[in-house]
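Only one structure is covered here, and it is reproduced in the block below.
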Amino acid sequence: MAAETPCAELAAAEPSPEELARAEAEAAAAEAAAVEAAAAAAAAEAAAAAAAAEAAAAAAAAEAAAAAAADAAAADAELERRVEEEQAAEALSDGEEATAPKDWQRFYMGFHDRFVNDCVLELRGGRVRVALAQAPSAKVAAKVAAQRAAGGGKGGKGGGGKGKGQGQGMELDKASDPALTGTTVWDGAVVLSHFLTETSVLARNAAPGPGPSRQPGGPPQAPAGPPQAPAGPSQAPEPYAYSGLALPTVLELGAGTGAVSLALATCRAAASVTCTDLEDLLPHLRANVARNGALLPPGRLSLQALRWGPEGEADVQALGPVRPPYDMIVGSDLIYYSYTPETPHSQLLLWTLRRLSGPHTTVFLSLSLHHNPEEVEQFLGWAAEWFHVLRLRRSIPEEWRVPDVLVVRLTPRRTKLGHPGAEAAAAVGEAGVVPGDKAAAGAAGEARC
Numbered sequence: 001m002a003a004e005t006p007c008a009e010l011a012a013a014e015p016s017p018e019e020l021a022r023a024e025a026e027a028a029a030a031e032a033a034a035v036e037a038a039a040a041a042a043a044a045e046a047a048a049a050a051a052a053a054e055a056a057a058a059a060a061a062a063e064a065a066a067a068a069a070a071d072a073a074a075a076d077a078e079l080e081r082r083v084e085e086e087q088a089a090e091a092l093s094d095g096e097e098a099t100a101p102k103d104w105q106r107f108y109m110g111f112h113d114r115f116v117n118d119c120v121l122e123l124r125g126g127r128v129r130v131a132l133a134q135a136p137s138a139k140v141a142a143k144v145a146a147q148r149a150a151g152g153g154k155g156g157k158g159g160g161g162k163g164k165g166q167g168q169g170m171e172l173d174k175a176s177d178p179a180l181t182g183t184t185v186w187d188g189a190v191v192l193s194h195f196l197t198e199t200s201v202l203a204r205n206a207a208p209g210p211g212p213s214r215q216p217g218g219p220p221q222a223p224a225g226p227p228q229a230p231a232g233p234s235q236a237p238e239p240y241a242y243s244g245l246a247l248p249t250v251l252e253l254g255a256g257t258g259a260v261s262l263a264l265a266t267c268r269a270a271a272s273v274t275c276t277d278l279e280d281l282l283p284h285l286r287a288n289v290a291r292n293g294a295l296l297p298p299g300r301l302s303l304q305a306l307r308w309g310p311e312g313e314a315d316v317q318a319l320g321p322v323r324p325p326y327d328m329i330v331g332s333d334l335i336y337y338s339y340t341p342e343t344p345h346s347q348l349l350l351w352t353l354r355r356l357s358g359p360h361t362t363v364f365l366s367l368s369l370h371h372n373p374e375e376v377e378q379f380l381g382w383a384a385e386w387f388h389v390l391r392l393r394r395s396i397p398e399e400w401r402v403p404d405v406l407v408v409r410l411t412p413r414r415t416k417l418g419h420p421g422a423e424a425a426a427a428v429g430e431a432g433v434v435p436g437d438k439a440a441a442g443a444a445g446e447a448r449c
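Using full-length UniProt numbering, read the sequence shown as starting at 1 and increasing by one per residue.
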């Protein structure tokens, strides 16, 4: 019996199957825990790396934004300096300022010539003739406006009238818009059409300056083709930022009869012209485009409906075939109502200019001082927050330079419209409307544009 004891002890020392299974389970659990711990450590390491990368990216973005803001501020300072120099160069002496109306000024014409009869723009020394119909629907409203304007003294500031001008505080009757303002050729359109097509202002590498002038007893002298920058091996024409060509992409706001758009397109002074106004005015625009169809290069001009302000965002999205931003935005005789919540046109115009402009966009506006000179000044004050404003006098050819039409050039402030995020601030929402004035945005659909 004593010899069997060691075997019994060995048998008793062997683990049971249950114990073996438990040990294996514990080992597997330990291994799984180790794997989980390793995975957690790897995840923590990856999260730390991602957080570090995100922080580095955020820091880099902040640094880039700061650098962009600094560059924009420096660019604005340089632009401000240049505009101040240009403004000084634009000044005229007392003897150079015109005091009497010129024979082409429509404001001083008789009723039929001013409102009813066709208007013909003779451009490039008469080599390009753009015929513009004025809608019959404007006749009644025009007659009322003309009667109201008659006997208005000397026309207020810059009027130079002889009993035919409007008083400085007089405004167009709101009921006549758009039947009157949108289907009549105004002096601002005449001035801007000649300025853009008969000077070097659109030629790259050419400083703005006076264009052709009328010699006593003779017709205006102008080049046969579009204005060109000085040729030379070291000075090839610099392409525009958005067209990539030596000619700009142009959008006209509030085109009315289409005078400025047709002038640019028929003179081949733009790579493309997008002519815009309210939907109700497009039939009249189409008729004038068709009337001048023989002069138009194929595909050069397109018509689009465009309301100003946030309510017109759908129209902005539908613009084409050329999309914003544009190399150039132009408009004439766009300001005539005093700003109120019911007539927020000036603020909606500014909103639209911001919406459609890029950092390299140039805006030219030709503004009548007969309609509402106080509102013109108020608009330019608002615009100065977003654009560098240059009032052009000497650059306007002498024949078309009159004191009651103000041509201004607006170039975007890079700190507002020229660095990342700046454009977005003007793109959507009620930016550009006077703070607290919610009614302005709601009235956007009523604005002529």
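Using N, Cα and C, we set each Cβ at its ideal position, and we do this for glycine too.
Taking all protein chains in view, the Cβ of GLY381 is surrounded by fewer than 16 other Cβ atoms within 10 Å, so the residue is classified as exposed. SER93 sits exposed, since fewer than 16 C-beta atoms from the chains shown fall within 10 Å of its C-beta. For ARG391, DSSP records a beta bridge to VAL408. GLN317 sits exposed, since fewer than 16 C-beta atoms from the chains shown fall within 10 Å of its C-beta. Residue environment analysis places SER332 among the buried positions, since at least 16 neighbouring C-beta atoms fall within 10 angstroms of its C-beta. The DSSP-derived three-state label of ASP277 is strand. The beta carbons of GLN134 and PHE107 sit no closer together than 8 Å. A straight-line Cα-Cα distance of about 31 Å links GLU86 and GLY126. Every beta strand (DSSP E) stretch that sits fully inside the region 88-137 and reaches 3 residues is listed by chain position as 119-123 and 128-132.
Under the DSSP assignment, LEU301 falls in the beta strand (DSSP E) whose first and last residues are 301-305.
Distance from the CA of ALA38 to the CA of ALA48, rounded to the nearest whole angstrom, comes to 15 Å. At a Cβ-Cβ threshold of 8 Å, LEU356 and PHE379 do not count as neighbours. Nearest neighbour of ARG286 by Cα position, chosen from MET109, SER395 and GLN304, turns out to be GLN304. Using a Cβ-Cβ distance cut-off of 8 Å, the region 240-259 and the region 366-374 are not in contact, since fewer than three pairs of beta carbons, one from each stretch, lie closer than that value. In this chain, the alpha helix (DSSP H) harbouring LEU348 covers 345-356.
The Cβ neighbour count for PRO297, taken over all protein chains shown within 10 Å, is under 16; the residue is labelled exposed. Our two residues, PRO397 and THR199, have alpha carbons roughly 8 Å apart in a direct line.
Where GLY331 is concerned, the enclosing beta strand (DSSP E) starts and stops at 328-332. Taking 8 Å as the cut-off, the beta carbon of VAL128 is found no closer than this to the beta carbon of VAL120. CA-to-CA, the gap between SER395 and ALA59 works out to about 47 Å. A direct Cα-Cα distance of roughly 17 Å separates PRO325 from GLY254. Here SER193 has LEU121, LEU123, ALA259, VAL260 and ALA263 as same chain residues with Cβ atoms under 7 Å from its own Cβ, once five neighbours each way along the sequence are excluded.
Contact check for THR183 against GLY256 passes: the beta carbons are separated by less than 8 Å. Judged by DSSP in its simplified three-state form, THR197 adopts helix. THR266 carries a helical assignment under DSSP once its states are collapsed to helix, strand and coil.
In this structure, the alpha-carbon of GLU375 lies about 20 Å from that of ARG307. With a contact defined as Cβ atoms closer than 8 Å, ILE335 and THR361 miss out at about 19 Å. LEU417 sits in a helix when the DSSP states are folded into three classes. Restricting attention to GLU385, ARG401, PRO403 and ARG291, the CA atom closest to the CA of ASP118 is found in ARG291. For ARG268, the closest alpha carbon among the candidates ALA246, TYR242 and ALA21 is that of ALA246.
Nearest to LEU390 by C-alpha distance, out of ARG22, ARG401, VAL185 and GLU90, is GLU90. Collapsing the DSSP output to three states places VAL250 in a strand.
For SER261, the secondary structure class from DSSP, reduced to helix, strand or coil, is helix. The alpha-carbon of GLN347 is positioned some 10 Å away from that of PRO341. Secondary-structure assignment with DSSP links THR362 through a beta bridge to MET328.
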